[in-house]
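Worksheet for the structure shown next.
Chains as they are written, first to last, in the numbering used here: chain R, 165 to 289; chain H, 19 to 275; chain S, 153 to 586.
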């Protein structure tokens, strides 16, 4: 509808470079563990296994050529996106264990105590 | 004239006369194709699954070069909190780029409202983006045809043709459009058209850990998304404007506009 | 450091500099259409209104409006380019503005702007040419006959020669033909002028996403208020210009004032009085129409109470109450209306009333354009507009107080220059037949 436009623009949009890599969590995990298997081998689909690696480490289309390294964000804010305690019982959010960021071990990075790749409380650092 | 000859001539005349007629009823191949194109992209949001982590917004801004500091976004997440004393609070701090790390509601003008957890009734998150409507108000009003709908159902903006009048921004009932802070032309969600055409998921779909956002080809009856849209109760936003949105929502509340 | 600041400034998205958000607004919502878009219907309204006033004489032969009619015609010509100015200042890509003419996308209400505008411009230009052709020819001939012309006079001669467009015949019949053609052009011009402005109303009224704008009454309201503002501005400018001429006639400062048959100050005063009185009658009629429609719209919204009414009521009755009911309706409509209907109306009182009327129409445009963006599409938040006063970059200049003042000042400057070649006031024997 109302489709009078410069036709070549469709190709211009199609040819934009993509930044985020392979689609699908499973495929991405396989791909990343080919090189980083030693670090990320412990995976439980229940816990953080569902989070795509690129969410925390940034786009990885041509990694490890470009960028050679991915960013490592150790900030508390990264974890608080999901773990701030919000008392919303009607939302899926209540299924994620929440903490109060103002009282739970303030001043220290979460990854000091928790393993971001397998945060299971039993196997804590 | 013999009868046979007469009939032959008659047939010739009829055939001769009908040729130009059929030549005139010309078939627009685009119309035939548009009636049944192979692909028509549609979006499915399951609001029940969204936890408001905001990774979709972060991924979208990164993938599409919308500066993080700019207070506009192609996609955003809204938080709805209803209290038991029947008040409704909505916010979307910085379009939820950093998720909802504060339990207080952002009231604008630097004010925040803490809600007593015991008073919270229902609360949920709603991701939003361009609805890529079937009859978009925005493409209708563009004075130069710089925004348009592709054959596979995606609304795009021609960055080298847009004059920046802002009429499409005004016409969009969903607030999906804005001025790009660097390019100074109108910008909006493209369903990550460049990714779709490379066979990848859009950045936000890719980033969602909880499968709250999904995308599919609504013209393929076997597509899981089409199945859900066909078989479950889904809604769209603001259908009263007749724009026929192509982003479908599971678990929509009437206050979500 | 400097780089950092520049970078930061670049990140302020368009609209953020003057929008203050409150409660819940969608992240991409800002007041994108700001002061220049207020100026746009205001200025086109003046153009259309001025033209309608001039047509009263040309088409309907309201003989007493002769002088102000010619004045309005020239003035509406000076206003013309200014109707485009706010749009150009508003565009994010002003150099691509020409695309609207090159690739008009006709499903858009804006795309026809170029065409409607140019049609209208050519009508006004033709009419002026027809009215002034005799004057052009006579002046050019006079200058040509002149011995040892100065450089300025040579230049003027060239301009006037060009202005005649080669039509040198000023016999009785030829002039009579001009007169007829002029009448036809003015007749075509009225609907086109109304279209030009009704169409500005359509641009707003057809935005279905905006609860305040979307009403089929919008074009009609716009036309009526356009005529109101146009007539008011013509009266005001006419009075001011006449005052200046009176002063010049008394002090004999201008060249024309020193000539023997120059109009006396008293004569000027008398002409001014009748013309102002009659045109202000028309002003009253159109004001009644405009106000009736506006109030009808408001009552209708309040009575039907559709979904958007809750938020509209809060905007109209609470947040923008002063702007709408005090500034627009009371000071801008009611007070001048009473001033004009009270018995013993004088030129001075009418002039003050026209100033208020102009202000009222401006506030109406403001309340429509800015008021329409004062609430969120989500119906649960508000946006406040703060006009940038001191510009700190190009954007806050263009879409700030000084940008608006530039737009307001331009027609007067243009009028000054146009008046050099197309004098709005002619001496009696030079006067074209119509």
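Beta carbons are placed, not taken as given, at the ideal position from N, Cα and C, and that holds for glycine.
### Message
Going by DSSP in three states, residue 282 of chain S sits in which element: helix, strand or coil?
### Response
helix
### Message
Here's the rule I'm using: 16 or more other beta-carbon atoms within 10 Å means buried, otherwise exposed. How should residue 42 of chain H be labelled?
### Response
The predicted position of residue 42 of chain H is uncertain, since its pLDDT is 41 and thus under 50; a value taken from the coordinates is nonetheless stated next. By the neighbour-count rule (16 or more Cβ atoms within 10 Å), residue 42 of chain H is not buried but exposed.
### Query
When the cut-off is 8 Å and only beta carbons count, does residue 241 of chain R lie next to chain H?
yes
### Task
In the DSSP assignment, find the unbroken beta strand (DSSP E) run with residue 231 of chain H in it and report its ends.
231-235
### Message
Given this structure, state the Cα-to-Cα distance separating residue 145 of chain H from residue 70 of chain H, to the nearest angstrom.
### Response
8 Å
### Task
Using the Cα positions of residue 62 of chain H and residue 123 of chain H, report the straight-line distance between them to the nearest angstrom.
27 Å
### Message
Strictly below 8 Å CB to CB, what residues from chain R border residue 80 of chain H?
### Response
183, 184, 222 and 223
### Message
Is the separation between the beta-carbon of residue 92 of chain H and that of residue 206 of chain H shorter than 8 Å?
### Response
yes
### Message
Could you compute how far the alpha carbon of residue 239 of chain R sits from the alpha carbon of residue 273 of chain R?
### Response
6 Å
### Which residues DSSP lists as bridging residue 588 of chain S, in chain order
A question about residue 588 of chain S goes unanswered here, because the residues of chain S that appear run from 153 up to 586.
### Contacts around residue 443 of chain S, its chain only, beta-carbon distance under 6 Å, and the 5 residues preceding and following it disregarded
485
### Message
Against chain H, which members of the stretch 469-495 of chain S pass a CB distance test of less than 8 Å?
### Response
none
### Message
Could you compute how far the alpha carbon of residue 197 of chain S sits from the alpha carbon of residue 357 of chain S?
### Response
16 Å
### Query
Rounded to a whole number of angstroms, what is the C-alpha to C-alpha distance between residue 116 of chain H and residue 72 of chain H?
6 Å
### Query
Out of curiosity, what's the CA-to-CA distance linking residue 524 of chain S and residue 334 of chain S?
40 Å
### Query
What residue from H:102, H:109, H:268 and H:174 has the CA that sits closest to residue 176 of chain R's CA?
H:174
### Message
Against residue 519 of chain S, what residues of chain H qualify as contacts under a CB-to-CB distance less than 9 Å, listed in chain order?
### Response
Residues of chain H passing the Cβ test: none, with the nearest at roughly 16 Å.
### Query
Which residues does DSSP pair with residue 226 of chain R in a beta bridge?
R:230
### Query
Unbroken beta strand (DSSP E) runs of length 3 or more, entirely within the stretch 460-537 of chain S: which are they?
533-537
### Query
Count the other CB atoms within 10 Å of the CB of residue 46 of chain H; is the residue buried (16 or more) or exposed (fewer)?
Any reading at residue 46 of chain H must be qualified, since the residue scores a pLDDT of 48, below 50, and its modelled position is unreliable; the value itself is stated next. It counts as exposed.
### Task
Measuring alpha carbon to alpha carbon, tell me which of S:319, S:387 and S:221 ends up nearest residue 435 of chain S.
S:387
### Query
Quick one: does residue 135 of chain H have its CB under 8 Å from some CB of chain R?
yes
### Query
Which residues in the same chain as residue 503 of chain S place their Cβ atom closer than 8 Å to its Cβ, once the five residues preceding and following it in sequence are excluded?
387, 388, 391 and 428
### Query
residue 224 of chain R and residue 271 of chain R look like a contact to me (Cβ under 8 Å); what is the Cβ gap, rounded to whole Å?
Not confirmed; about 31 Å, so no contact.
### Query
Which first and last residues belong to the beta strand (DSSP E) in which residue 143 of chain H is found?
138-146
### Task
Could you please give the first and the last residue of the uninterrupted alpha helix (DSSP H) stretch that includes residue 345 of chain S?
324-357
#### Entry: Contact set for residue 179 of chain R: own chain, Cβ-Cβ below 7 Å, skip 5 residues either direction
none
### Message
By DSSP's criteria, residue 167 of chain H is part of a beta bridge. Which residues make up the other side?
### Response
H:173
### Message
Any beta carbon from chain R within less than 8 Å of residue 187 of chain H's own beta carbon?
### Response
no
### Query
Would you say the stretch 524-535 of chain S touches the stretch 356-372 of chain S, given that touching needs at least three Cβ pairs under 8 Å?
yes
### Query
Taking Cβ-Cβ distances below 9 Å as the criterion, which residues of the stretch 164-194 of chain H are in contact with chain A?
Structure shown: chain A not included; protein chains present are R, H and S.
### Query
If you compare alpha carbons, which of S:218, S:315 and S:308 is closest to residue 282 of chain S?
S:315
### Query
Is it true that the CB of residue 228 of chain S sits closer than 8 Å to the CB of residue 268 of chain S?
no
### Beta-carbon contacts of residue 375 of chain S that lie in its chain and below 8 Å, excluding the five residues immediately before and after
200, 346, 349, 350 and 353
### Message
What does the Cβ neighbour count give for residue 286 of chain R, buried or exposed, with the cut at 16 atoms within 10 Å?
### Response
exposed
### Message
When you compare the CB of residue 263 of chain R with every CB in chain H, is at least one pair closer than 8 Å?
### Response
no
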